[in-house]
Amino acid sequence: METAALNHGRTTYFENLDTTRFIGFFHVFLAHCFFTTSPKIAASPEFHLATVSIKAGFLGLDYFFVLSSFLLTWLALEEKRKIGDFNPFLFLVRRGIRLWPLYFLILLAVYGFYHFFGSSMGLKPLPPASIFLLFISNFYIILHGQDFLFLLVFFWSIAVEEQFYLIWAVVLKFLQKHLVRVSFLMILASLAFRFIYRNESHTLSFHTLSVVGNFGMGALAATMAFRSSAFRGLFINISRTTSTLVYLLLLLLLVYYFRWFNDGFMLVFEKLIFSCFFVYLIMEQSFAKKPLIAFGQFKTLSYLGQLSLGLYCYHGVVLTLLLPLMKSNGLAERPLQVFLINPMLIFLLTLLLAVGSYEVFEKRIHGLRRYFYPSKNNLQSTRK
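Residue numbering for the sequence shown follows the numbering used here, beginning at 28 and increasing consecutively.
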(Lines of atoms letter the chains of each structure in order from A and count residues from 1; the text may use other names and numbers.)
(Lines give C-alpha, C1' and ligand atoms only; values in the text may rest on other atoms or scores of the structure.)
Protein backbone atom coordinates (compact mmCIF):
# COMPACT_ATOMS: atom_id res chain seq x y z
CA MET A 1 0.00 0.00 0.00
CA GLU A 2 1.25 3.49 -0.81
CA THR A 3 2.89 5.67 1.79
CA ALA A 4 -0.11 7.52 3.19
CA ALA A 5 -2.34 4.45 3.35
CA LEU A 6 -1.09 2.06 6.00
CA ASN A 7 -2.10 -1.59 6.29
CA HIS A 8 -1.96 -2.73 9.88
CA GLY A 9 -2.52 -6.37 8.99
CA ARG A 10 -6.22 -5.79 9.50
CA THR A 11 -7.72 -2.98 7.44
CA THR A 12 -6.18 0.00 5.76
CA TYR A 13 -5.84 3.16 7.83
CA PHE A 14 -5.41 6.38 5.87
CA GLU A 15 -3.28 8.26 8.35
CA ASN A 16 -3.50 11.69 6.69
CA LEU A 17 -7.29 11.89 6.61
CA ASP A 18 -8.07 12.41 10.30
CA THR A 19 -6.76 15.97 10.13
CA THR A 20 -9.03 16.68 7.18
CA ARG A 21 -12.02 15.76 9.35
CA PHE A 22 -11.07 18.55 11.72
CA ILE A 23 -10.68 20.97 8.81
CA GLY A 24 -14.17 20.00 7.64
CA PHE A 25 -15.59 20.60 11.11
CA PHE A 26 -13.79 23.92 11.45
CA HIS A 27 -15.40 25.13 8.24
CA VAL A 28 -18.81 24.36 9.72
CA PHE A 29 -17.76 26.03 12.98
CA LEU A 30 -16.79 29.25 11.19
CA ALA A 31 -20.27 29.37 9.70
CA HIS A 32 -21.80 29.60 13.18
CA CYS A 33 -19.40 31.36 15.54
CA PHE A 34 -19.78 35.00 14.45
CA PHE A 35 -22.76 36.93 15.80
CA THR A 36 -23.43 40.45 17.06
CA THR A 37 -26.09 42.66 18.59
CA SER A 38 -24.47 45.81 17.23
CA PRO A 39 -26.11 47.22 14.07
CA LYS A 40 -22.86 49.01 13.27
CA ILE A 41 -20.81 45.81 13.35
CA ALA A 42 -23.51 43.89 11.49
CA ALA A 43 -23.32 46.44 8.68
CA SER A 44 -19.52 46.42 8.52
CA PRO A 45 -17.53 44.83 5.66
CA GLU A 46 -15.58 42.82 8.23
CA PHE A 47 -18.71 41.17 9.62
CA HIS A 48 -20.00 40.51 6.12
CA LEU A 49 -16.68 38.88 5.26
CA ALA A 50 -16.81 36.78 8.42
CA THR A 51 -20.35 35.61 7.79
CA VAL A 52 -20.12 34.81 4.09
CA SER A 53 -19.20 31.32 5.26
CA ILE A 54 -22.71 30.76 6.66
CA LYS A 55 -23.95 29.10 3.49
CA ALA A 56 -20.49 27.83 2.57
CA GLY A 57 -20.43 26.03 5.92
CA PHE A 58 -22.42 23.27 4.23
CA LEU A 59 -19.25 22.46 2.30
CA GLY A 60 -17.73 21.08 5.49
CA LEU A 61 -20.62 18.64 5.70
CA ASP A 62 -20.31 17.86 1.99
CA TYR A 63 -16.70 16.89 2.64
CA PHE A 64 -17.78 14.59 5.47
CA PHE A 65 -20.25 12.88 3.13
CA VAL A 66 -17.59 12.32 0.45
CA LEU A 67 -15.01 11.12 2.98
CA SER A 68 -17.43 8.81 4.78
CA SER A 69 -18.51 7.18 1.53
CA PHE A 70 -14.92 6.78 0.38
CA LEU A 71 -13.74 5.12 3.58
CA LEU A 72 -16.73 2.85 4.07
CA THR A 73 -16.72 1.69 0.45
CA TRP A 74 -12.98 1.01 0.57
CA LEU A 75 -13.30 -1.01 3.80
CA ALA A 76 -16.22 -2.99 2.38
CA LEU A 77 -14.23 -3.86 -0.73
CA GLU A 78 -11.31 -4.84 1.47
CA GLU A 79 -13.57 -7.02 3.60
CA LYS A 80 -14.86 -8.73 0.46
CA ARG A 81 -11.34 -9.40 -0.78
CA LYS A 82 -10.01 -10.72 2.53
CA ILE A 83 -13.06 -12.56 3.81
CA GLY A 84 -14.78 -13.48 0.57
CA ASP A 85 -18.02 -11.80 1.55
CA PHE A 86 -19.51 -8.60 2.97
CA ASN A 87 -21.81 -8.68 6.00
CA PRO A 88 -24.32 -5.78 5.89
CA PHE A 89 -25.63 -6.49 9.40
CA LEU A 90 -22.20 -6.17 10.99
CA PHE A 91 -21.58 -3.08 8.88
CA LEU A 92 -24.70 -1.40 10.28
CA VAL A 93 -23.90 -2.46 13.84
CA ARG A 94 -20.42 -0.93 13.58
CA ARG A 95 -21.90 2.29 12.22
CA GLY A 96 -24.39 2.38 15.07
CA ILE A 97 -21.68 1.88 17.68
CA ARG A 98 -19.74 4.75 16.12
CA LEU A 99 -22.56 7.32 15.93
CA TRP A 100 -25.41 6.37 18.19
CA PRO A 101 -23.96 6.71 21.73
CA LEU A 102 -23.32 10.46 21.49
CA TYR A 103 -26.37 11.07 19.30
CA PHE A 104 -28.79 9.40 21.69
CA LEU A 105 -27.06 10.79 24.79
CA ILE A 106 -27.73 14.34 23.60
CA LEU A 107 -31.29 13.49 22.58
CA LEU A 108 -31.98 11.94 25.98
CA ALA A 109 -30.54 14.96 27.77
CA VAL A 110 -32.53 17.45 25.68
CA TYR A 111 -35.90 15.69 25.81
CA GLY A 112 -35.41 14.75 29.47
CA PHE A 113 -34.68 18.36 30.40
CA TYR A 114 -37.63 19.58 28.36
CA HIS A 115 -39.97 17.07 29.99
CA PHE A 116 -39.15 18.27 33.50
CA PHE A 117 -38.43 21.96 32.96
CA GLY A 118 -39.70 22.96 29.52
CA SER A 119 -43.11 24.25 30.55
CA SER A 120 -41.92 26.16 33.60
CA MET A 121 -39.16 27.86 31.60
CA GLY A 122 -41.44 28.74 28.69
CA LEU A 123 -39.31 26.92 26.10
CA LYS A 124 -40.48 26.47 22.53
CA PRO A 125 -42.04 23.06 21.79
CA LEU A 126 -39.60 20.47 20.53
CA PRO A 127 -40.18 18.51 17.34
CA PRO A 128 -41.57 14.99 17.78
CA ALA A 129 -38.82 12.74 19.15
CA SER A 130 -39.74 10.18 16.50
CA ILE A 131 -38.11 12.24 13.72
CA PHE A 132 -34.76 11.81 15.46
CA LEU A 133 -35.33 8.19 16.44
CA LEU A 134 -36.16 7.36 12.81
CA PHE A 135 -33.40 9.61 11.40
CA ILE A 136 -35.72 11.71 9.27
CA SER A 137 -35.12 15.13 10.82
CA ASN A 138 -33.86 16.51 7.50
CA PHE A 139 -37.27 15.90 5.93
CA TYR A 140 -38.98 17.48 8.93
CA ILE A 141 -36.88 20.63 8.44
CA ILE A 142 -37.85 20.79 4.78
CA LEU A 143 -41.56 20.60 5.66
CA HIS A 144 -41.67 22.61 8.89
CA GLY A 145 -38.51 24.72 8.99
CA GLN A 146 -35.80 24.81 11.64
CA ASP A 147 -37.35 27.07 14.23
CA PHE A 148 -36.61 24.77 17.15
CA LEU A 149 -33.75 24.14 19.55
CA PHE A 150 -30.60 25.04 17.61
CA LEU A 151 -28.49 22.09 18.75
CA LEU A 152 -31.04 19.63 17.36
CA VAL A 153 -30.93 21.21 13.90
CA PHE A 154 -27.40 19.87 13.52
CA PHE A 155 -28.72 16.31 13.60
CA TRP A 156 -30.10 16.62 10.07
CA SER A 157 -26.71 15.59 8.65
CA ILE A 158 -26.55 12.54 10.90
CA ALA A 159 -30.01 11.58 9.62
CA VAL A 160 -28.72 11.80 6.05
CA GLU A 161 -25.70 9.67 6.95
CA GLU A 162 -27.90 7.00 8.53
CA GLN A 163 -30.18 6.92 5.50
CA PHE A 164 -27.12 6.43 3.31
CA TYR A 165 -25.71 3.67 5.53
CA LEU A 166 -28.93 1.68 5.33
CA ILE A 167 -29.10 1.87 1.54
CA TRP A 168 -25.37 1.43 1.05
CA ALA A 169 -25.29 -1.75 3.15
CA VAL A 170 -27.71 -3.32 0.66
CA VAL A 171 -25.76 -2.00 -2.34
CA LEU A 172 -22.46 -3.29 -0.97
CA LYS A 173 -23.99 -6.71 -0.38
CA PHE A 174 -25.86 -7.27 -3.64
CA LEU A 175 -24.48 -4.77 -6.16
CA GLN A 176 -20.80 -4.65 -5.33
CA LYS A 177 -19.86 -5.62 -8.88
CA HIS A 178 -21.79 -2.60 -10.15
CA LEU A 179 -20.50 0.06 -7.77
CA VAL A 180 -19.17 2.29 -10.53
CA ARG A 181 -22.56 2.35 -12.28
CA VAL A 182 -24.42 2.85 -9.02
CA SER A 183 -22.10 5.71 -8.08
CA PHE A 184 -22.66 7.44 -11.41
CA LEU A 185 -26.41 7.00 -11.01
CA MET A 186 -26.23 8.65 -7.59
CA ILE A 187 -24.35 11.61 -9.05
CA LEU A 188 -26.77 12.00 -11.96
CA ALA A 189 -29.81 11.62 -9.69
CA SER A 190 -28.48 14.36 -7.45
CA LEU A 191 -27.87 16.71 -10.37
CA ALA A 192 -31.39 16.08 -11.72
CA PHE A 193 -32.92 16.66 -8.29
CA ARG A 194 -30.97 19.87 -7.76
CA PHE A 195 -32.05 21.15 -11.17
CA ILE A 196 -35.72 20.46 -10.46
CA TYR A 197 -35.60 22.08 -7.01
CA ARG A 198 -33.02 24.77 -7.78
CA ASN A 199 -35.38 27.51 -6.55
CA GLU A 200 -36.22 25.82 -3.23
CA SER A 201 -33.31 26.56 -0.90
CA HIS A 202 -34.45 24.41 2.03
CA THR A 203 -34.90 21.38 -0.18
CA LEU A 204 -31.51 21.92 -1.81
CA SER A 205 -29.86 22.21 1.58
CA PHE A 206 -31.45 19.37 3.51
CA HIS A 207 -32.87 16.75 1.16
CA THR A 208 -30.97 13.47 0.91
CA LEU A 209 -31.23 13.36 -2.88
CA SER A 210 -29.66 16.79 -3.07
CA VAL A 211 -26.47 15.54 -1.38
CA VAL A 212 -26.44 11.93 -2.55
CA GLY A 213 -24.01 12.90 -5.29
CA ASN A 214 -21.40 13.55 -2.59
CA PHE A 215 -21.74 9.96 -1.45
CA GLY A 216 -21.58 8.85 -5.06
CA MET A 217 -18.32 10.72 -5.64
CA GLY A 218 -16.72 9.19 -2.56
CA ALA A 219 -17.86 5.70 -3.50
CA LEU A 220 -16.69 6.13 -7.08
CA ALA A 221 -13.23 7.27 -5.96
CA ALA A 222 -12.90 4.38 -3.51
CA THR A 223 -14.00 1.78 -6.05
CA MET A 224 -11.69 3.03 -8.78
CA ALA A 225 -8.76 3.41 -6.40
CA PHE A 226 -9.27 -0.04 -4.91
CA ARG A 227 -9.68 -1.86 -8.21
CA SER A 228 -7.29 0.07 -10.44
CA SER A 229 -3.60 0.52 -9.70
CA ALA A 230 -3.49 2.77 -12.77
CA PHE A 231 -6.02 5.13 -11.16
CA ARG A 232 -4.03 5.18 -7.91
CA GLY A 233 -0.92 5.75 -9.98
CA LEU A 234 -2.30 9.07 -11.17
CA PHE A 235 -1.80 10.36 -7.64
CA ILE A 236 1.28 8.50 -6.42
CA ASN A 237 3.75 10.82 -8.11
CA ILE A 238 1.52 13.88 -8.39
CA SER A 239 3.66 17.00 -8.43
CA ARG A 240 3.52 19.62 -5.71
CA THR A 241 2.96 22.21 -8.43
CA THR A 242 -0.22 20.43 -9.54
CA SER A 243 -1.49 20.18 -5.98
CA THR A 244 -0.68 23.84 -5.36
CA LEU A 245 -2.68 24.89 -8.40
CA VAL A 246 -5.63 22.67 -7.44
CA TYR A 247 -5.76 24.01 -3.89
CA LEU A 248 -5.38 27.61 -5.04
CA LEU A 249 -8.33 27.09 -7.37
CA LEU A 250 -10.33 25.62 -4.50
CA LEU A 251 -9.44 28.64 -2.36
CA LEU A 252 -10.56 30.95 -5.17
CA LEU A 253 -13.91 29.16 -5.38
CA LEU A 254 -14.36 29.56 -1.62
CA VAL A 255 -13.51 33.27 -1.70
CA TYR A 256 -16.03 33.92 -4.48
CA TYR A 257 -18.52 31.32 -3.28
CA PHE A 258 -21.42 33.71 -2.77
CA ARG A 259 -20.85 35.42 -6.07
CA TRP A 260 -20.61 32.28 -8.19
CA PHE A 261 -22.87 29.74 -6.49
CA ASN A 262 -26.02 31.70 -5.76
CA ASP A 263 -28.32 30.49 -8.50
CA GLY A 264 -28.70 28.98 -11.94
CA PHE A 265 -26.29 26.52 -13.51
CA MET A 266 -23.58 26.88 -10.87
CA LEU A 267 -26.00 26.20 -8.02
CA VAL A 268 -27.06 22.93 -9.63
CA PHE A 269 -23.46 21.78 -10.08
CA GLU A 270 -22.13 23.28 -6.86
CA LYS A 271 -21.81 20.04 -4.89
CA LEU A 272 -20.40 18.11 -7.82
CA ILE A 273 -17.74 20.76 -8.41
CA PHE A 274 -16.60 20.83 -4.80
CA SER A 275 -16.83 17.03 -4.53
CA CYS A 276 -14.25 16.77 -7.30
CA PHE A 277 -11.88 18.88 -5.23
CA PHE A 278 -12.66 16.81 -2.13
CA VAL A 279 -11.89 13.60 -4.02
CA TYR A 280 -8.59 15.09 -5.16
CA LEU A 281 -7.74 15.96 -1.55
CA ILE A 282 -8.58 12.45 -0.35
CA MET A 283 -6.64 10.75 -3.13
CA GLU A 284 -3.61 13.01 -2.76
CA GLN A 285 -3.49 12.55 1.01
CA SER A 286 -4.07 8.79 0.74
CA PHE A 287 -1.76 7.77 -2.08
CA ALA A 288 0.73 10.50 -3.02
CA LYS A 289 4.31 9.76 -2.03
CA LYS A 290 4.88 13.46 -1.46
CA PRO A 291 1.60 15.28 -0.86
CA LEU A 292 1.77 19.06 -0.76
CA ILE A 293 1.16 18.89 3.01
CA ALA A 294 1.09 15.48 4.70
CA PHE A 295 -1.65 16.15 7.22
CA GLY A 296 -0.81 13.03 9.20
CA GLN A 297 2.27 14.76 10.60
CA PHE A 298 0.07 17.07 12.67
CA LYS A 299 -0.71 14.72 15.54
CA THR A 300 -2.79 17.20 17.51
CA LEU A 301 -4.97 17.97 14.51
CA SER A 302 -5.23 14.25 13.74
CA TYR A 303 -6.51 13.69 17.28
CA LEU A 304 -8.99 16.53 16.88
CA GLY A 305 -10.12 14.88 13.67
CA GLN A 306 -11.00 11.78 15.66
CA LEU A 307 -13.19 14.04 17.80
CA SER A 308 -15.00 15.47 14.77
CA LEU A 309 -18.39 13.97 15.64
CA GLY A 310 -18.20 15.30 19.19
CA LEU A 311 -16.93 18.69 18.05
CA TYR A 312 -19.79 18.92 15.57
CA CYS A 313 -22.49 17.96 18.07
CA TYR A 314 -21.16 19.82 21.08
CA HIS A 315 -20.54 23.09 19.27
CA GLY A 316 -24.30 23.09 18.68
CA VAL A 317 -24.84 22.57 22.41
CA VAL A 318 -22.44 25.38 23.35
CA LEU A 319 -23.95 27.78 20.82
CA THR A 320 -27.48 27.03 22.00
CA LEU A 321 -26.57 27.79 25.62
CA LEU A 322 -24.15 30.69 25.14
CA LEU A 323 -25.68 32.79 22.37
CA PRO A 324 -28.72 34.00 24.37
CA LEU A 325 -26.51 34.73 27.40
CA MET A 326 -23.93 36.64 25.41
CA LYS A 327 -26.52 38.66 23.55
CA SER A 328 -28.57 39.52 26.64
CA ASN A 329 -25.49 40.55 28.61
CA GLY A 330 -24.00 42.81 25.96
CA LEU A 331 -21.13 40.48 25.12
CA ALA A 332 -21.52 40.77 21.36
CA GLU A 333 -21.33 44.52 20.90
CA ARG A 334 -17.62 45.19 20.39
CA PRO A 335 -15.42 43.99 17.51
CA LEU A 336 -12.96 42.24 19.83
CA GLN A 337 -15.80 40.22 21.34
CA VAL A 338 -17.43 39.42 18.02
CA PHE A 339 -14.35 38.47 16.02
CA LEU A 340 -12.03 36.97 18.64
CA ILE A 341 -13.18 36.45 22.21
CA ASN A 342 -16.57 34.84 21.56
CA PRO A 343 -15.37 32.43 18.82
CA MET A 344 -12.41 31.39 20.98
CA LEU A 345 -14.62 30.82 24.02
CA ILE A 346 -17.13 28.81 22.03
CA PHE A 347 -14.38 26.68 20.51
CA LEU A 348 -12.61 26.05 23.84
CA LEU A 349 -15.82 24.99 25.58
CA THR A 350 -16.71 22.79 22.62
CA LEU A 351 -13.25 21.23 22.74
CA LEU A 352 -13.48 20.52 26.47
CA LEU A 353 -16.85 18.82 26.06
CA ALA A 354 -15.71 16.83 23.03
CA VAL A 355 -12.47 15.61 24.65
CA GLY A 356 -14.21 14.67 27.89
CA SER A 357 -17.01 12.89 26.08
CA TYR A 358 -14.62 11.02 23.79
CA GLU A 359 -12.16 9.89 26.46
CA VAL A 360 -14.67 9.04 29.19
CA PHE A 361 -17.66 7.82 27.21
CA GLU A 362 -17.42 7.41 23.45
CA LYS A 363 -14.03 5.72 23.07
CA ARG A 364 -14.96 2.97 25.51
CA ILE A 365 -18.09 2.14 23.54
CA HIS A 366 -16.30 2.43 20.19
CA GLY A 367 -14.02 -0.38 21.32
CA LEU A 368 -16.98 -2.74 21.15
CA ARG A 369 -16.76 -2.61 17.36
CA ARG A 370 -13.95 -5.17 17.47
CA TYR A 371 -16.57 -7.81 18.26
CA PHE A 372 -18.51 -7.05 15.08
CA TYR A 373 -15.99 -7.73 12.35
CA PRO A 374 -15.84 -10.94 10.29
CA SER A 375 -13.54 -13.33 12.13
CA LYS A 376 -11.53 -14.71 9.23
CA ASN A 377 -8.01 -13.26 9.13
CA ASN A 378 -8.99 -11.20 12.20
CA LEU A 379 -10.29 -8.40 10.00
CA GLN A 380 -10.74 -5.56 12.44
CA SER A 381 -10.34 -1.83 12.50
CA THR A 382 -10.41 0.73 15.23
CA ARG A 383 -10.81 3.54 12.73
CA LYS A 384 -13.78 4.84 10.72
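Think of the CB as a built atom: it goes at the ideal place given N, C-alpha and C, for glycine as much as any other residue.
Just so we're clear, the structure is a prediction, and the values are computed from it rather than from any experiment.
Residue nearest to L348 within the set C60, F53, R267 is C60 (criterion: CA-CA distance). Going by DSSP, Y40 is part of the beta strand (DSSP E) stretching over 39-41. Burial check for L202: the Cβ neighbour count within 10 Å stays below 16, so the residue is exposed. When secondary structure is reduced to three states using DSSP, I214 falls in the helix class. Scanning V306, R221, A248 for the CA closest to the CA of M293 turns up R221.
Annotation: the continuous alpha helix (DSSP H) that includes D89 extends over 85-110. By the criterion of a C-beta distance shorter than 7 Å, L150 is surrounded in its chain by Y141, once the five residues flanking it on both sides are discounted. Counting the other CB atoms within 10 Å of its CB gives L212 a total below 16, which places it among the exposed residues. The beta-carbon distance between G332 and D45, rounded to whole angstroms, is 3 Å. This is short enough to meet the 8 Å contact definition. The stretch 315-332 makes no contact with the stretch 100-117; the number of CB pairs closer than 8 Å stays below 3. Residue environment for G357: exposed (fewer than 16 other C-beta atoms within 10 angstroms of its C-beta).
Straight-line measurement puts the Cα of P115 at about 24 Å from the Cα of A216.
A contact is defined here as three or more CB-CB pairs under 8 Å, and the stretch 149-169 meets this definition with respect to the stretch 178-188. By the neighbour-count criterion, in which 16 or more other beta carbons inside 10 Å mark a residue as buried, V344 falls on the buried side.
When DSSP states are grouped into helix, strand and coil, E311 belongs to the helix group. Note that the C-beta distance between V238 and V187 is below 9 Å. Annotation: L352 to Q364 spans about 13 Å, alpha carbon to alpha carbon. Approximately 6 Å separates the beta-carbon atoms of V55 and L88; this is inside 8 Å, confirming the contact. A straight line joining the alpha-carbon of L76 with that of L372 spans about 21 Å. Just measuring C-alpha positions, the residue of I169, S313, F166, T250 sitting nearest L199 is T250. Under the criterion of beta carbons closer than 8 Å, R225 and L218 do not qualify as touching, at roughly 11 Å.
Between T38 and Q312 the beta-carbon gap is near 17 Å, outside 8 Å, which marks them as no contact. Non-local beta-carbon contacts of I163 in its own chain, meaning distances under 7 Å to residues more than five positions away in sequence, involve A186 in chain order. Taking all protein chains in view, the Cβ of E297 is crowded by 16 or more other Cβ atoms within 10 Å, so the residue is classified as buried. Where N241 is concerned, the enclosing alpha helix (DSSP H) starts and stops at 235-254. Going by DSSP, N165 is part of the alpha helix (DSSP H) stretching over 164-171. The stretch 92-102 and the stretch 390-397 do not touch, with fewer than 3 CB-CB distances between them shorter than 8 Å.
Distance between S302 and L276, taken at the CA atoms: about 13 Å.
Residue state for F399 is assigned as helix, using DSSP reduced to three classes. Look at N226 here: in three-state DSSP terms it is coil, with no helix or strand label.
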